[in-house]
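Just so you know, we're using numbering that gives the first Met the number 0 here: the sequence shown kicks off at 0 and counts up by one.
Here the structure is laid out as structure tokens; the discussion comes afterwards.
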Amino acid sequence: MKLVAPLNAFGRADLAIAGGKGANLGELVRSAFPVPDGFVVTTHAYELVAQGRSTPAGFERVELPADVREAITAAYARLGGGPVAVRSSATAEDLPGAAFAGQQDTYLNVVGERAVLDAVRRCWGSLWTERAVAYRARLGIDDDDVRIAVVVQSMVEAETAGVMFTANPVTGDRTQLVIDASSGLGEAVVSGLVTPDHYVLDARGSIGFTPGRREVVIRSAAGGGVVREDAEQAPAQEPAERGEGERGGRLPDAVVAELGRLGRDVAAHFGRPQDIEWAYASGRLHLLQARPMTALPPPPVGRLNPFQRRLAAVLLEYLPERPYPIDMSTWVPDGPAGLMRNVLGSFGVRHAFEGFLQEEDEVVYRLLPPAPKPSPKVLAAPFLVLARARRHDPARWTQDRRFRDYLVAIEALRARDLRAMPWDELLRVPRQALALVPPVADLRIDYLPGTGLALLRLLVVVRLLGRRELFADLLHGARTRTTDTNRALEHLAEVARRTGALEPGPPPAEFADALAAFLDEYGHRETSSPILVTTPTWADAPEVVLGLVKVLAAASPTPPGPPTRPDGALGRLLAHPLLRRSKSRRARITRWVEAARAGVAFREDSHFYFMMPQPVLRRSLLELGRRLRDAGALAAPEDVFHLRLAELEEIEDVATLRGADAERLRETVSRRALKREELSGVRLIDPAAIFPPTATGDALLTGAPAGGGTATGPVKVIVKPADFGRLDPGDVLVCPYTNPSWTPLFQHAAAVVVDAGGAASHAAIVAREYGIPAVMGTGTGTSVLADGRLVTVNGDTGTVHDAATTPATGTASDAVTGAS
């Protein structure tokens, strides 16, 4: 059991002994990188001292055991006994997903045996500072699982020092290196005490430079420690006395280029972008630390073509949350995205809706819009479309035997008692749920051609007749499962009003029964994403339904469903001079309108039924997680989301999951959870790549116009379904995305402003049904607008203005009733 060992004794496999910093530095020393000599006081030494101590003060007063003290002083003597840097190296720091930057202590220019021993003690104690304990708690790292080593290195008296990122930390560009530098020791840059010189190196070796202000210089003090000098207090130096790195306030290009080469080599060695502390002294570069970059944005996607932008807008609306590994191995490839991939593939379009989510360290970190490619089969697509449209009428799709068989199969699976199943039987349920999906995909493949042709035919007709503006209104009026849902919610709100169900206290029996019946019929609807299994359904999160009921019950009762205007649109179309005098033409146009409405209903209703396996899949996964928690392999049932389905299927019997197998499972979950936490503030894609910023003039926001005229009202930002109850009648609903679960809010919103989506998105279609203005694809609406701000939304121009500076062209009440 080593108490102290030289840096070159350690590598990446020695994390538990040398801590993150020590293991990484040892790896660099072994690979001949220019790292100052040093040694590691291992976690074994810490454990001898740490028993019963969990405060910094407890370590500062402790008397070190003789063998620990002698090992440290002997290693210090072998290092030369001069000034050293003493740095903490915890086992949970400098890791992918958990940098722990600044959480433990570092001591510079430590001189003498007694000072070194004291610095080691204080480094150990820094593991138990309030900030370090709180940081671990936020990341879910158990205090009992963390140990700390200490790295002691020869002090580098830097003329210039700083930090280098081997990828651009702001843009995510992996072809750029970013270097911050300033005079003296690097602590001034690391601590943010100076505005450093800023260098950006591109792949061609070009160097961009922005000078800093060097407000503070930190230098070693005589006899130990450091001194901080303000720029105006720093002693002037003659040119001959200045180090090369300080000449002209800028590092020579050759030094910057050498730093860049070292950075790229370190990143290549570790296989990922690195955050490196460096120092330049007496004409030499030294690498002082290296750790993986954390919270690094994904690389820029570059210029997207129009089709990719439209596809990305759909995907961004589907992904309000980062997918988990269980999503990536179940509902992402086999749910709605897989369905769309199969539909397009049946007509010869390859690589659509596949490979659009990229993973790093087994966690999704990037959305990359796919670029579909046509295959030779696409040449036959027109004939396939016509043949399928002729054979499969969307108005009669529910009579298809495959659909009836699907309903029987899904009801049988929903009726099974998951808790009563033995492990091996329960383990088969996820695949059984996923196996129900292909028949619905086949129905989409067969019936969507008829839908598409019916819509295209109607569009051509209204354009030829000069009535293009009627197209959207003509599609309204078909009964769908979404309108059924909204009517049922209105009924639930009426029961709540009548029984006082939303008052404090247990809900009345009548309302409880009505809610249970509603959830039995509609509870499989998604709350946020149709392509993730980890997001709850309405049945999983009934508080979402109660939030909707609260919104609907707070307003005066309104007729359920969108305003009844479709017949008026059809009447205006049939009044066209070319149709008015021909009964047969009017009958034909009426049939075509009904066919288009049936196509819209098919698209809406097939999605409703397609989502039915998702709750069964989700419940089976959570039941597996519950049993793994009870066996001690997981901390909570939801931790199962960090695993892949294949990894679960490798567990033959949860009752025998013990020892190393259980520990490996916990370690896998912990590693992926840390990576997910690291990425919590990182977007899957820059919205500007999908919704390029445009000149707004005096507008607060611009986006895709989705119709509906104009309306004025106070902003209410709703970012998740749990916030539904915050919407008041007449508010301008501002949200990051929408799906069918959000549509009841549209009955009482003055207008809708959405970060994602386009004019053909669900939110836009439903907003037009309710006659309220909608602006889609703003990219930044939820961050630019704040609750209570009075704005005017123009759904015809796609703009949002401050109401105080814009002439009123409509009112909230106008928009709700469809007038503008």
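All C-beta atoms, glycine included, are put in the ideal place defined by N, C-alpha and C.
Would you verify that the beta carbon of S619 is, or is not, closer than 8 Å to some beta carbon of chain D? The chain inventory of the structure shown lacks chain D, comprising one protein chain alone.
Best match in R302, A253, P614 and D399 for proximity to L417 [C-alpha to C-alpha]: In the sequence shown, counting from the first residue as 1, residue 417 sits at position 418. It is P614.
Inter-residue CB distance, P429 and Y405 (contact presumed, cutoff 8 Å): Start at 1 with the first residue of the sequence shown, and residue 429 comes out as number 430. Start at 1 with the first residue of the sequence shown, and residue 405 comes out as number 406. Not a contact, Cβ separation roughly 18 Å.
So the candidates are Q103, A73 and L126; which of them puts its Cα closest to the Cα of E112? Mapped onto the sequence shown, residue 112 falls at position 113. Ranking the options by Cα distance to E112, first place goes to A73.
Endpoints, beta strand (DSSP E) assigned at A89: Residue numbering aside, residue 89 sits at position 90 when the sequence shown is read from its first letter. Per DSSP, the continuous beta strand (DSSP E) segment holding A89 begins and ends at V83 to A89.
Status (buried if at least 16 other CB within 10 Å, exposed otherwise) for G37: Position 38 of the sequence shown holds residue 37. Here G37 is buried: its Cβ has 16 or more other Cβ atoms, across all protein chains shown, within 10 Å.
Considering only their Cβ atoms, is the gap separating L366 from L318 smaller than 8 Å? For the purposes of this step, residue 318 is taken as residue 319 along the sequence shown, with counting starting at 1. For the purposes of this step, residue 366 is taken as residue 367 along the sequence shown, with counting starting at 1. In contact: L318 and L366 (Cβ atoms closer than 8 Å).
Excluding the five sequence neighbours on either side, which residues of its own chain have a C-beta within less than 8 Å of the C-beta of V265, listed in chain order? For the purposes of this step, residue 265 is identified with residue 266 of the sequence shown, where counting begins at 1. The beta carbon of V265 lies closer than 8 Å to those of L27, F32, T165, Q273, I275, L286 and A289 in the same chain, with the five residues before and after it left out.
Below 8 Å between beta carbons: does that hold for T781 and V716? Sequence index remark: in the sequence shown, residue 781 carries index 782 (1-based). Sequence index remark: in the sequence shown, residue 716 carries index 717 (1-based). Contact flag set, yes.
Using the three-state DSSP reduction, which class does T329 fall into: helix, strand or coil? Locating residue 329 in the sequence shown gives position 330, counting from the first residue. The answer is coil: DSSP assigns T329 none of H, G, I, E or B.
Between I325 and R725, is the Cβ-Cβ spacing less than 8 Å? The residue you call residue 325 lines up with position 326 of the sequence shown. The residue you call residue 725 lines up with position 726 of the sequence shown. For I325 and R725, no; Cβs fall outside 8 Å.
Hey, out of Y323, R302 and D685, whose CA is closest to L673's CA? Position 674 of the sequence shown, counted from the first residue, corresponds to residue 673. The shortest CA-to-CA distance from L673 to any of Y323, R302 and D685 is the one to Y323.
W277 by DSSP, collapsed to three states: which one? Counted from its first residue, the sequence shown places residue 277 at position 278. Here DSSP, grouped into helix, strand and coil, assigns W277 to strand.
Buried or exposed for G247, please, with buried defined as at least 16 other CB atoms from any protein chain shown within 10 angstroms of its CB. Residue mapping note: residue 247 aligns to position 248 of the sequence shown, counting from 1. At G247 the pLDDT is 40, less than 50, meaning the model places this residue with poor confidence; the figure from the coordinates comes in the next sentence. When all chains shown are included, G247 counts as exposed.
Selection from V548, A187, S87 and T170 that minimises the alpha carbon distance to P686: Numbered from 1 along the sequence shown, position 687 holds the residue referred to as residue 686. Of all alpha-carbon atoms in V548, A187, S87 and T170, the one lying nearest the alpha-carbon of P686 is that of T170.
Among T711, A312, A632 and V34, which one has its Cα closest to the Cα of A731? Within the sequence shown, numbered from 1, the residue matching residue 731 stands at position 732. Looking at the sequence provided, one finds Val at residue 731 rather than Ala. That would be T711, whose Cα lies nearest to the Cα of V731.
Quick one, are the C-beta atoms of L452 and V384 less than 8 Å apart? Locating residue 452 in the sequence shown gives position 453, counting from the first residue. Locating residue 384 in the sequence shown gives position 385, counting from the first residue. In this structure, V384 lies closer than 8 Å to L452 by Cβ.
Would L473 pass as a contact of A595 if the rule is Cβ separation under 8 Å? For the purposes of this step, residue 473 is identified with residue 474 of the sequence shown, where counting begins at 1. For the purposes of this step, residue 595 is identified with residue 596 of the sequence shown, where counting begins at 1. Yes, the Cβ-Cβ distance between L473 and A595 is below 8 Å.
Cross-strand partners of I206 (DSSP beta bridge): Position 207 of the sequence shown, counting from 1, holds the residue named residue 206. DSSP lists L200 as partners of I206.
Cβ atoms of L616 and V668: under 8 Å apart, would you say? For this step, residue 668 is matched to residue 669 along the sequence shown. For this step, residue 616 is matched to residue 617 along the sequence shown. It is not a contact, given that the beta carbons lie outside the stated cut-off.
Just to check my reading of the structure: G794 and G696 have Cβ atoms closer than 8 Å, yes? What is that Cβ distance to the nearest angstrom? What you label residue 794 is simply residue 795 of the sequence shown in a count that begins at 1. What you label residue 696 is simply residue 697 of the sequence shown in a count that begins at 1. About 17 Å; that fails the 8 Å criterion.
Leaving out the 5 sequence neighbours to the left and right, which residues in its chain are closer than 7 Å to A239 when beta-carbon positions are compared? As a first step, residue 239 must be located in the sequence shown, where it is residue number 240. Any reading at A239 must be qualified, since the residue scores a pLDDT of 34, below 50, and its modelled position is unreliable; no value is offered.
Integer Cβ distance of V752 from L789, believed to fall under 8 Å: The count along the sequence shown starts at 1 and reaches residue 752 at position 753. The count along the sequence shown starts at 1 and reaches residue 789 at position 790. Contact flag wrong, Cβ pair sits at about 13 Å.
Close-in-space but distant-in-sequence residues of the same chain around R321 (CB under 6 Å, 5 per side omitted): As a position in the sequence shown, residue 321 is number 322, starting the count at 1. Cβ neighbours of R321 within its own chain (closer than 6 Å, five residues either side excluded): V363.
Stretch-stretch touch, CB-based, cutoff 8 Å, three pairs: the segment 514-532 with the segment 575-586: In this structure the segment 514-532 does not touch the segment 575-586; the number of beta carbon pairs closer than 8 Å is below three.
Does the distance from the CB of S219 to the CB of M163 come in under 8 Å? Taking the sequence shown and counting its residues from 1, one reaches residue 219 at position 220. Taking the sequence shown and counting its residues from 1, one reaches residue 163 at position 164. Their beta carbons are not under 8 Å apart, which means S219 does not touch M163 by this criterion.
To the nearest angstrom, how far is the alpha carbon of L315 from that of F640? The sequence position of residue 315 within the sequence shown is 316, counting from 1. The sequence position of residue 640 within the sequence shown is 641, counting from 1. Cα to Cα, the separation comes out at about 21 Å.
Segment limits, alpha helix (DSSP H) that includes H490: Against the sequence shown, residue 490 aligns to sequence position 491. Run containing H490: R480 to T498, per the alpha helix (DSSP H) assignment.
Check the C-beta distance from A721 over to V550 and give it rounded, since I have them as a contact under 8 Å. The sequence position of residue 721 within the sequence shown is 722, counting from 1. The sequence position of residue 550 within the sequence shown is 551, counting from 1. So it is not a contact: roughly 13 Å between Cβ atoms.
Using the DSSP secondary-structure output, state which residues sit across from L176 in a beta bridge. By 1-based counting over the sequence shown, the position of residue 176 is 177. L176 is bridged to L200.
Give the DSSP bridge partners of C734, in chain order. Your numbering for residue 734 matches position 735 in the sequence shown. DSSP lists V753 as the beta-bridge partner residues of C734.
Please determine, among A336, P298 and G81, the residue with the shortest C-alpha to C-alpha distance to G222. By one-based count along the sequence shown, residue 222 stands at place 223. Distances from the CA of G222 to each of A336, P298 and G81 were compared; the closest alpha carbon is that of G81.
Three-state secondary structure (DSSP) at H268? For this step, residue 268 is matched to residue 269 along the sequence shown. In the three-state reduction of the DSSP assignment, H268 falls in the helix class, which pools H, G and I.
Counting along the chain, where does the beta strand (DSSP E) carrying E358 start and finish? If you number the sequence shown from 1, residue 358 lands on position 359. In this chain, the beta strand (DSSP E) harbouring E358 covers L356 to E359.
On the DSSP letters alone, give me the boundaries of the alpha helix (DSSP H) that D512 sits inside. Taking the first residue of the sequence shown as position 1, residue 512 is located at position 513. For D512, the enclosing alpha helix (DSSP H) covers residues A508 to Y521.
Could you have a look at E237 and say whether DSSP puts it in helix, strand or coil? Mapped onto the sequence shown, residue 237 falls at position 238. Residue confidence for E237 is low, a pLDDT of 37 falling below 50, so the modelled location carries little weight; the figure read from the coordinates is stated next. Correct three-state label for E237: coil.
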